[in-house]
Amino acid sequence: MPKHPDIDAVLADWPYQPGVVSARLIQAADGREVIQLRVELGLLQMETADRPDGQRPGGAATYLALMIQTAAVEGLAFELSEEQSAELDREFIQFYHRRICWLALREFDRAVRDADHTLRLMDFAAAHSSNEDWILSHEQYRPFVLFHRTQAAALSRLTEDGPEAAVEEINLGLERIRELYSKLEAEEEFDGDELAEQLRRLQGWIRENYHVGRTLEEQLADAVATEQYELAARLRDELARRPKGR
């Protein structure tokens with residue numbers, strides 16, 4: 000039997016912990032940074048940019064990018080084949096694995112980037128496939144991806160822009176999840192959604208620990224709802240004067 004190098008020592012020094020996302024950034028032999036995820040039967044190693052497996056399908060950064068190029072050439076008649084759909088599935092799973100690693104490592108901007116890629120992939124799949132079951136196989140995870148994106152964006156803004164910006168980021172994410180329920184004509188179920196409730200708890204924690212009251216956006220919404228238009232105008236002016244990104 001040919002002798003190949005094994006990873007026994009690596010696995011022994013990095014025990015698997017059930018229920019815990021164990022991830023790390025390391026330097027590969029050639030000097031590049033890679034991300035590793037410990038799984039029960041070994042580990043996954045991923046690139047930190049573009050496709051996690053490091054492939055460049057058709058020379059593109061991702062398979063989604065290749066499909067977008069293909070659709071642009073073929074026009075409105077373009078429809079995903081079974082093979083193309085399977086390749087998008089592979090990319091969907093790869094980006095999920097890397098996204099949870101970024102969250103575990105508190106690399107929040109990178110988690111947002113990968114979540115946005117996944118959301119674009121789902122949008123593209125829905126627009127270019129006639130297989131409703133296949134589309135639903137992705138769409139069922141949209142609230143979960145939005146949850147990850149909102150969580151990561153809020154925690155990033157907490158550090159970069161302050162607690163009020165983080166609270167407002169959560170408001171935006173909650174609204175996007177609510178819109179999903181509205182499209183499904185199930186808006187009454189939104190209040191009981193566990194992912195939305197987790198975001199509300201995070202928001203409550205930020206408000207309590209950073210002493211954040213009603214944000215300017217929330218005050219503006221309140222003023223419009225109660226027809227206090229002069230106050231609403233002042234709040235709009237204050238928001239317009241606020242530095243971008245805040």
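Mapping the sequence shown onto numbering that gives the first Met the number 0, position 21 (from 1) lands on 20, and the numbers just tick up by one.
Don't be surprised by glycine CBs; every beta carbon is placed ideally from N, CA and C.
- DSSP, read as helix, strand or coil, puts L104 in coil.
- Taking C-beta atoms under 8 Å as the contact rule, E46 and V33 qualify, at a distance of about 6 Å.
- Taking 8 Å as the cut-off, the Cβ atoms of G41 and I6 count as close.
- Of the other Cβ atoms in all chains shown, 16 or more fall within 10 Å of the Cβ of W101; this residue is therefore buried.
- DSSP, reduced to helix, strand and coil, places V20 outside both helices and strands of the structure shown, so it counts as coil.
- Annotation: the continuous beta strand (DSSP E) that includes E32 extends over 32-38.
- Classified as exposed, G57 has fewer than 16 neighbouring CB atoms from the shown chains inside 10 Å of its CB.
- I67 is not bridged by DSSP to any residue.
- For Q44, the enclosing beta strand (DSSP E) starts and ends at 41-46.
- With contacts defined as CB atoms closer than 8 Å, L63 and R119 qualify as a contacting pair.
- By the C-beta density criterion, E207 is exposed, having fewer than 16 other C-beta atoms within 10 angstroms.
- With 16 or more other CB atoms across the displayed protein chains lying within 10 angstroms of its CB, I169 is buried.
- In the DSSP assignment, I205 falls within the alpha helix (DSSP H) that extends over 193-209.
- Between R97 and D113, the C-beta gap is smaller than 8 Å, which places the two residues in contact.
- For L173, same chain residues with a beta-carbon under 7 Å away, outside a window of 5 residues either side, are A195, L198 in chain order.
- Taking A126 as the centre and dropping the five residues before and after it, the same chain places no C-beta closer than 7 Å to its C-beta.
- Counting only residues of its own chain and dropping the five nearest sequence neighbours on each side, A70 has a CB closer than 7 Å to the CB of F77, H127.
- In the DSSP assignment, R175 falls within the alpha helix (DSSP H) that extends over 162-182.
- Between Q35 and Q26 a beta carbon distance of about 11 Å is seen, past the 8 Å cut, so the two are scored as non-contacting.
- Under the DSSP assignment, E188 falls outside any alpha helix (DSSP H); it carries neither an H nor an E label.
- Between L79 and E73, the alpha-carbon positions lie close to 11 Å from each other.
- From the listed residues Q139, D12, H116, G203, the smallest Cα separation to A48 is found for H116.
- If only complete runs of 3 or more residues are kept, the stretch 66-149 shows no beta strand (DSSP E) anywhere.
- Under DSSP, Q218 forms no beta bridge with any residue.
- Apart from the 5 residues on each side of it in sequence, S155 sits with its Cβ closer than 7 Å to the Cβ of F107, D108, V111 in its chain, given in chain order.
- P162 counts as buried, since at least 16 other C-beta atoms from the protein chains shown sit within 10 angstroms of its C-beta.
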